[in-house]
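Read in the working numbering, the sequence shown has 680 at position 334, and its numbers run on one by one without any break.
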Amino acid sequence: MAGFLSFAAKDFVMRVSVRSLWLGLVLLALVAGAQAQDLDVTFRFLPDLSTTEPPAVVRAFLPGSFNDWGPNDNGRIAVGAPSSMDFVAADNEYRKVVRLRVGNTYEYKIHYHLSTDGSNYVWLTDPLNDQTDGTTFNDSVIEVRDPMVFQPAREQEGTGAVQAVSASLLGTQAFTEITFEVNGVAQDGLPFFDAGTGIFRYELPEPAACGVQFKISATDAAARAVSAEVGVVPPAVEDAPRPAGVEDGVTYAADPTKVTLSLFAPHKCFVYVLGDFNDWQARPEYLMKRDAATPDSVHWWLQIEGLTPGAEYAFQYLVDGDLRIADPYSEKVLDPNADGAIPAATYPNLKPYPVGQTDQIVGVLQTDRQPFPWTDFERPPQQDLVLYELLVRDFIGRHDYATLADTLDYLVRLGVNAVELMPVAEFDGNLSWGYNPDFYFAPDKYYGPADDLKRFIDACHARGLAVILDVVYNHATGQSPFVRLYNTGGFGPPTADNPWF
347 MAGFLSFAAK DFVMRVSVRS LWLGLVLLAL VAGAQAQDLD VTFRFLPDLS
397 TTEPPAVVRA FLPGSFNDWG PNDNGRIAVG APSSMDFVAA DNEYRKVVRL
447 RVGNTYEYKI HYHLSTDGSN YVWLTDPLND QTDGTTFNDS VIEVRDPMVF
497 QPAREQEGTG AVQAVSASLL GTQAFTEITF EVNGVAQDGL PFFDAGTGIF
547 RYELPEPAAC GVQFKISATD AAARAVSAEV GVVPPAVEDA PRPAGVEDGV
597 TYAADPTKVT LSLFAPHKCF VYVLGDFNDW QARPEYLMKR DAATPDSVHW
647 WLQIEGLTPG AEYAFQYLVD GDLRIADPYS EKVLDPNADG AIPAATYPNL
697 KPYPVGQTDQ IVGVLQTDRQ PFPWTDFERP PQQDLVLYEL LVRDFIGRHD
747 YATLADTLDY LVRLGVNAVE LMPVAEFDGN LSWGYNPDFY FAPDKYYGPA
797 DDLKRFIDAC HARGLAVILD VVYNHATGQS PFVRLYNTGG FGPPTADNPW
847 F
């Protein structure tokens with residue numbers, strides 16, 4: 347009996363222990379769920395941030411993964427959609443508060459109407475947030491943290507000068523300390539923070555002519571610190587005329603260890619050259635000189651020395667401290683979003699993108715290149731042309747110039763005397779008809795190296811075939827440096843001060 351009672355007691359204790367463990371796990375799950383925090387995030391849109399002539403915005407919206415992207419109908423958001431933002435006239439900005447889960451990541455964009463009925467509209471990557479999903483659509487990305495600094499902004503007036511700096515300070519605890527810097531000068535920021543809206547805003551005593559450096563740091567009641575910054579302290583620029591013979595793009599010297607770079611960019615404050623030759627750092631010796639004939643005609647230029655003859659160097663321009671572009675005249679570019687899908691058989695030994703050192707497309711320069719040995723060719727009279735138009739990627743499975751050259755006898759047997767290639771200049775992505783060019787002078791690498799294109803053309807000429815290139819320069823996309831130098835938010839439509847578009 348004693349042994350039976352002992353066994354029963356142990357069984358009872360075991361069952362109670364299991365039940366307690368189960369209840370404990372349930373309680374832990376409930377506690378974990380209770381600890382999950384939601385945060386009211388204030389999104390802002392300042393129409394005049396990136397241009398001296400702001401767009402005539404009628405209304406603005408905040409579409410994203412948190413509200414079914416508007417919702418929208420084939421890209422158009424209706425006038426009364428729930429994603430509509432409120433206009434705050436005192437600060438000339440649109441705002442929208444959205445409750446989001448801390449720790450989650452969301453994608454979104456700005457959408458605004460330029461007409462009363464909403465038929466004329468624009469989708470825009472957030473100009474105040476440089477975090478994007480890295481795809482062709484360039485959706486903005488927010489990773490919700492508690493606390494966080496969001497959308498640090500340098501607000502501009504009509505002339506383009508910065509008149510105020512601002513940011514959203516968000517968190518579940520009150521902020522007890524705020525410090526901000528403008529061009530390295532630190533000040534107490536608490537007097538300029540509205541705890542009700544979560545917005546910090548400071549008006550400069552005098553407008554700053556350049557795209558100033560703005561940094562803000564904050565500490566909350568739980569002693570958690572956050573900070574963010576945008577731009578750099580504007581350097582002192584040297585004014586000097588470009589040397590004779592220097593043109594926009596890369597000017598190669600007789601000395602293969604030197605090149606001179608030139609960028610046409612009026613209304614900009616300063617430009618650095620970044621590249622493999624300086625570890626992608628904005629060093630003082632790589633600040634470009636300014637050749638300003640008039641305010642509307644400004645060239646930035648710099649000679650780069652110490653290059654290894656024949657070596658490929660990736661490089662970029664850093665404009666006003668935050669805009670990174672490749673040289674518009676690049677003859678070869680590296681794209682972090684597209685190059686990975688180019689087979690090695692199509693483009694052998696492709697130079698890798700400098701991952702972790704920069705972002706956006708970069709250009710490539712190479713000294714000591716040997717000129718291509720073209721053969722003589724006399725093109726047919728225009729009235730006698732018999733054209734065969736083709737898209738490289740659809741005409742042959744290998745989508746490369748080397749394979750395309752093997753088909754020329756077939757084209758000759760058809761009786762044509764000219765091959766018209768659909769656009770082959772660098773375009774967005776890899777799979778395209780080419781009518782979305784972003785670099786006019788760089789053959790798209792998805793079809794092979796530039797020298798393979800030259801060999802294809804020469805092989806055509808040897809058979810009496812002319813080669814005609816289909817081009818649509820006015821279709822340049824948001825990836826084009828000619829567009830990105832003057833547009834809203836780095837990926838939006840061209841602004842009124844764009845010299846080209």
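Quick reminder that beta carbons are idealized off the backbone N, C-alpha and C, glycines included.
Start-to-end residues for the beta strand (DSSP E) that takes in Pro783:
The residue you call residue 783 lines up with position 437 of the sequence shown. DSSP places Pro783 inside the beta strand (DSSP E), whose first and last residues are Pro783 to Pro789.
* With a CB to CB cut of under 8 Å and the five nearest residues on each side skipped, what residues in its chain are close to Thr451? -> Numbered from its first residue, the sequence shown carries residue 451 at position 105. Result list for Thr451: Val487, Ile488, Glu489 and Val490, in chain order.
Closest to Asp797 by CA distance: which of Phe785, Lys678 and Pro845 is it?
Walking along the sequence shown from the start, residue 797 turns up at place 451. Closest option to Asp797, judged by alpha-carbon separation, among Phe785, Lys678 and Pro845: Lys678.
Report task. Provide the residue(s) that pair with Glu735 in DSSP beta bridges, ordered along the chain. Result -> For this step, residue 735 is matched to residue 389 along the sequence shown. Assignment of beta-bridge partners to Glu735 by DSSP yields Glu766.
### Task
May I ask which residues mark the beginning and end of the beta strand (DSSP E) holding Ala756?
As a first step, residue 756 must be located in the sequence shown, where it is residue number 410. According to the sequence as given, residue 756 is Tyr; it is not Ala. DSSP places Tyr756 outside any beta strand (DSSP E); the residue lies instead in the alpha helix (DSSP H), whose first and last residues are Leu754 to Leu760.
Q. How should Val364 be labelled, buried or exposed, when 16 other C-beta atoms within 10 angstroms of its C-beta is the threshold for buried?
A. For the purposes of this step, residue 364 is identified with residue 18 of the sequence shown, where counting begins at 1. In this predicted model, Val364 has a pLDDT of only 45, less than 50, meaning its place in the structure is not dependable; the value taken from the coordinates is given anyway. By the neighbour-count criterion, in which a residue is buried when 16 or more other Cβ atoms sit within 10 angstroms of its Cβ, Val364 is exposed.
**Message:** Mapping the DSSP letters down to three states, classify Phe828 as helix, strand or coil.
**Reply:** Numbered from its first residue, the sequence shown carries residue 828 at position 482. Here DSSP, grouped into helix, strand and coil, assigns Phe828 to helix.
- Can the beta-carbon of Tyr632 be found closer than 7 Å to that of Asn624? For the purposes of this step, residue 632 is taken as the residue at position 286 of the sequence shown. For the purposes of this step, residue 624 is taken as the residue at position 278 of the sequence shown. In this structure, Tyr632 sits near Asn624, with a CB-CB distance shorter than 7 Å.
ask   = Curious, which full-length alpha helix (DSSP H) runs of at least 4 residues does the segment 603-649 contain?
value = As far as the segment 603-649 is concerned, it has no whole alpha helix (DSSP H) run of at least 4 residues.
Residue of Phe433, His459, Arg500 and Ala406 minimising C-alpha distance to Leu666 = If you number the sequence shown from 1, residue 666 lands on position 320. Residue identity check: residue 666 is Asp in the sequence provided, not Leu. Of the listed residues, the one whose Cα sits closest to Asp666 is Arg500.
*Taking the alpha carbon of Pro580 as the point to measure from, which residue in Asn820, Val605 and Ala628 has its own alpha carbon closest?*
Position 234 of the sequence shown, counted from the first residue, corresponds to residue 580. In this structure, Ala628 is the residue among Asn820, Val605 and Ala628 with its C-alpha nearest to the C-alpha of Pro580.
*asked:* I'd like the list of long-range same chain contacts for Glu503, defined as Cβ closer than 7 Å, with 5 residues on each side in sequence excluded.
replied: As a working note, residue 503 is residue 157 in the sequence shown. Cβ neighbours of Glu503 beyond the five flanking positions: Gln509 and Pro553.
Check your understanding: Can you tell me whether Arg636 is buried or exposed, with buried defined as 16 or more other CB within 10 angstroms of its CB?
Key -> Position 290 of the sequence shown, counted from the first residue, corresponds to residue 636. Buried is the call here.
- For Asp740 and Leu408, the rounded distance between their alpha carbons: In the sequence shown, counting from the first residue as 1, residue 408 sits at position 62. In the sequence shown, counting from the first residue as 1, residue 740 sits at position 394. Whole-angstrom Cα-Cα distance: 39 Å.
Find out if the Cβ-Cβ distance for the pair Ala574, Ile524 is shorter than 7 Å. Reading the sequence shown from its first residue, position 228 is the one you call residue 574. Reading the sequence shown from its first residue, position 178 is the one you call residue 524. The Cβ atoms of Ala574 and Ile524 lie no closer than 7 Å to each other.
Query - Own chain residues within Cβ distance below 6 Å of Ala771, not counting five before or after - result: The sequence position of residue 771 within the sequence shown is 425, counting from 1. Closer than 6 Å at the Cβ level, and outside the excluded window around Ala771, lie Pro783 and Tyr786.
Inset, instruction - Answer yes or no: do Val495 and Val572 have a C-beta to C-beta separation smaller than 7 Å? - result: Within the sequence shown, residue 495 is the residue found at index 149, counting from 1. Within the sequence shown, residue 572 is the residue found at index 226, counting from 1. Taking 7 Å as the cut-off, the Cβ atoms of Val495 and Val572 count as close.
Might you give, ordered along the chain, the residues of its own chain that have their beta carbon closer than 8 Å to the beta carbon of Gly421, omitting 5 neighbours on each side? Taking the first residue of the sequence shown as position 1, residue 421 is located at position 75. Cβ neighbours of Gly421 beyond the five flanking positions: Tyr467 and Trp469.
Measuring only between beta-carbons, confirm whether Tyr734 sits less than 7 Å from chain C. No chain C appears in this structure, which consists of one protein chain only.
### Task
Could you check the C-alpha separation between Val377 and Asp384 for me, to the nearest Å?
On the sequence shown, residue 377 is found 31 positions in, with the first residue counted as 1. On the sequence shown, residue 384 is found 38 positions in, with the first residue counted as 1. Per-residue confidence for Val377 stands at a pLDDT of 43, beneath the threshold of 50, marking its modelled position as unreliable; no derived number is given.
**Message:** I need the straight-line Cα distance from Thr713 to Ala657, nearest angstrom please.
**Reply:** Within the sequence shown, numbered from 1, the residue matching residue 713 stands at position 367. Within the sequence shown, numbered from 1, the residue matching residue 657 stands at position 311. Take the alpha-carbon of Thr713 and the one of Ala657: they are about 7 Å apart.
- Query: If you draw a straight line from the alpha carbon of Asn413 to that of Val443, how long is it in whole angstroms?
  - Reply: Taking the first residue of the sequence shown as position 1, residue 413 is located at position 67. Taking the first residue of the sequence shown as position 1, residue 443 is located at position 97. Whole-angstrom Cα-Cα distance: 12 Å.
By how many angstroms is the C-alpha of Ser465 removed from the C-alpha of Ala424? Here residue 424 refers to the residue found at position 78 when the sequence shown is read from its first residue. Here residue 465 refers to the residue found at position 119 when the sequence shown is read from its first residue. Distance from the CA atom of Ala424 to the CA atom of Ser465, rounded to whole angstroms, is 9 Å.
Based on DSSP bridge pairs, tell me the residues matched to Ser573. Numbered from its first residue, the sequence shown carries residue 573 at position 227. DSSP, once it has assigned bridges, lists Ser563 as partnering Ser573.
> Buried or exposed: where does Gly535 fall if 16 or more other Cβ atoms within 10 Å of its Cβ makes it buried?
Replying inline: Along the sequence shown, read from residue 1 onward, the residue named residue 535 stands at position 189. The residue is buried, with at least 16 neighbouring Cβ atoms inside 10 Å.
Exercise. Determine the burial state of Pro769: buried for a count of at least 16 other Cβ atoms within 10 Å of its Cβ, exposed for fewer.
Key: Residue mapping note: residue 769 aligns to position 423 of the sequence shown, counting from 1. Under the 10 Å beta carbon count, Pro769 is surrounded by 16 or more other beta carbons and is classified as buried.
Assign Leu460 to one of three DSSP states: helix, strand, or coil.
Taking the sequence shown and counting its residues from 1, one reaches residue 460 at position 114. Under the three-state reduction of DSSP, Leu460 is assigned to coil, being neither helix nor strand.
**Request:** With distances taken Cα to Cα, identify the nearest neighbour of Tyr819 among Leu760, Ala812, Gln662 and Phe828.
**Result:** Position 473 of the sequence shown, counted from the start, is the residue given in the question as residue 819. Among Leu760, Ala812, Gln662 and Phe828, the Cα nearest to that of Tyr819 is on Phe828.
> Do Leu620 and Leu648 come within 7 Å of each other at the CB atom, strictly closer than that value?
Replying inline: Numbered from its first residue, the sequence shown carries residue 648 at position 302. Numbered from its first residue, the sequence shown carries residue 620 at position 274. With contacts defined by Cβ atoms closer than 7 Å, Leu648 and Leu620 do not form a contacting pair.
Starting from Leu750 and walking both ways along the alpha helix (DSSP H), at which residues does that stretch end?
On the sequence shown, position 404 is the one that residue 750 refers to. For Leu750, the enclosing alpha helix (DSSP H) covers residues Tyr747 to Ala751.
field: Other residues of its chain near Ala567: CB distance less than 6 Å, five sequence neighbours each side excluded
entry: Reading the sequence shown from its first residue, position 221 is the one you call residue 567. Setting aside the 5 residues that flank it on each side, Ala567 is surrounded in the same chain by Gln519, Ala520 and Thr522, each with a C-beta closer than 6 Å to its C-beta; the list follows chain order.
Mapping the DSSP letters down to three states, classify Phe521 as helix, strand or coil.
The sequence position of residue 521 within the sequence shown is 175, counting from 1. Strand, per DSSP.
Original post:
Does DSSP put Arg725 in a helix, in a strand, or in coil?
Top reply: Counted from its first residue, the sequence shown places residue 725 at position 379. DSSP places Arg725 in the coil class of the three-state scheme, outside both helix and strand.
- Task: Please state whether DSSP places Asp414 in a helix, a strand or coil.
- Result: Working through the sequence shown from its first residue, we reach residue 414 at position 68. Asp414: coil per DSSP, three-state reduction.
Quick one: Cα of Met634 to Cα of Ala555, how far? Translated into the one-based positions of the sequence shown, residue 634 becomes position 288. Translated into the one-based positions of the sequence shown, residue 555 becomes position 209. Taking the CA atoms as reference points, Met634 sits about 18 Å from Ala555.
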